[in-house]
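S.K.: If you count by our numbering, then the sequence shown holds residues 190 to 389, one letter each, in order.
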Amino acid sequence: MWFFKKTIVNMDEELKGLSLHEKLAYFYCSYVREESVDPDNDGDAVRRWEKIMVSRRKARERVCILLNQVENTSAANVRQLDKSYRAKRELLLLAEGTLRTSSSAGPSSSSNRGGPLAQVETARVNNELLQECGALAVFAEQLQRSIHAFRGLNFQHLDLDQVDALIHDLQQDMVLMYLLILFNANKENVVFDRQLMVIG
Numbered sequence: 190m191w192f193f194k195k196t197i198v199n200m201d202e203e204l205k206g207l208s209l210h211e212k213l214a215y216f217y218c219s220y221v222r223e224e225s226v227d228p229d230n231d232g233d234a235v236r237r238w239e240k241i242m243v244s245r246r247k248a249r250e251r252v253c254i255l256l257n258q259v260e261n262t263s264a265a266n267v268r269q270l271d272k273s274y275r276a277k278r279e280l281l282l283l284a285e286g287t288l289r290t291s292s293s294a295g296p297s298s299s300s301n302r303g304g305p306l307a308q309v310e311t312a313r314v315n316n317e318l319l320q321e322c323g324a325l326a327v328f329a330e331q332l333q334r335s336i337h338a339f340r341g342l343n344f345q346h347l348d349l350d351q352v353d354a355l356i357h358d359l360q361q362d363m364v365l366m367y368l369l370i371l372f373n374a375n376k377e378n379v380v381f382d383r384q385l386m387v388i389g
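#1: Taking only the alpha-carbon atoms, compute the straight-line gap between A324 and L256 and give it to the nearest angstrom.
#2: Between which residues of its own chain and L283 is the CB-CB distance below 6 Å, once the five residues before and five after are set aside?
#3: Taking buried to mean at least 16 other C-beta atoms within 10 Å of its own C-beta, is F372 buried or exposed?
#4: Please work out which residues of its chain come closer than 7 Å, Cβ to Cβ, to L365, disregarding the five sequence neighbours upstream and downstream, and give them in chain order.
#5: Let's see if you can read the secondary structure: which residues bound the alpha helix (DSSP H) around H357?
#6: Have a look at T262 and L332 and give me their C-alpha separation to the nearest angstrom.
#7: How big is the Cα-Cα spacing for N230 and D271?
#8: Could you pull the start and end residues of the alpha helix (DSSP H) that Q258 belongs to?
#9: Would you kindly report the start and end of the unbroken alpha helix (DSSP H) that includes F339?
#10: For E310, count the other beta carbons within 10 Å of its own beta carbon; 16 or more makes it buried, fewer makes it exposed. Which is it?
#11: Does the distance from the C-beta atom of E321 to that of R249 stay below 8 Å?
#12: For I225, does the three-state DSSP call read helix, strand or coil?
#13: Shortest alpha-carbon distance to L359 belongs to which of R340, K240 and N375?
#14: Taking Cβ positions, are V235 and L288 nearer each other than 8 Å?
#15: Please classify M242: does DSSP put it in a helix, a strand, or coil?
#16: Can you tell me whether S208 is helix, strand or coil according to DSSP?
#17: In whole angstroms, what is the alpha-carbon distance linking S225 and Y274?
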């Protein structure tokens, strides 16, 4: 019981030292986060990041590949759609801090020790890496596509599976944009601020 109380006190002290942006990120990682590692679907991604996380260059290369796969999607090409789906999921796991891109940052899965504060730090490192690789433009375009697709629904002939898929895509794209902006805002990054202004 004493250890539990001491842990809560330490957690309160750590939370007091966080900025507003970091507190928002902590709240998201504690209560809102939805993506968790699925051993069957995400095993390859976890193993890949365990190998490349010691190299910043390899991590950047992997993120660039993922962004390219998400950006170049063709509804007519099933293989491309599958790659795009897997790439977006991997980007979400990175953005939420579930996967780590640095050997010094947080847990490699949500089941590891460290808790939300460690996951916030991992998410911060990951989102800074995503921004370095040009994620803002890609995420903004994907979000606009999702919004456009949702607005184009024919409500007289609704396909519930299609609606669910569109809502899921929209939700994922909103999360990616939200976390990227949350962790990269107020960093006195002129390039990032200018990109945000252009996007509106």
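We put the beta carbon where it would ideally sit given N, CA and C, even for glycine.
M.R.: In this structure, then:
#1: 7 Å
#2: N315
#3: buried
#4: L280, L281, A284 and F328
#5: L349 to N373
#6: 14 Å
#7: 12 Å
#8: R245 to E260
#9: A324 to R340
#10: buried
#11: yes
#12: For the record, residue 225 in the displayed sequence is Ser; it is not Ile. It is coil, neither helix nor strand.
#13: R340
#14: yes
#15: coil
#16: coil
#17: 15 Å
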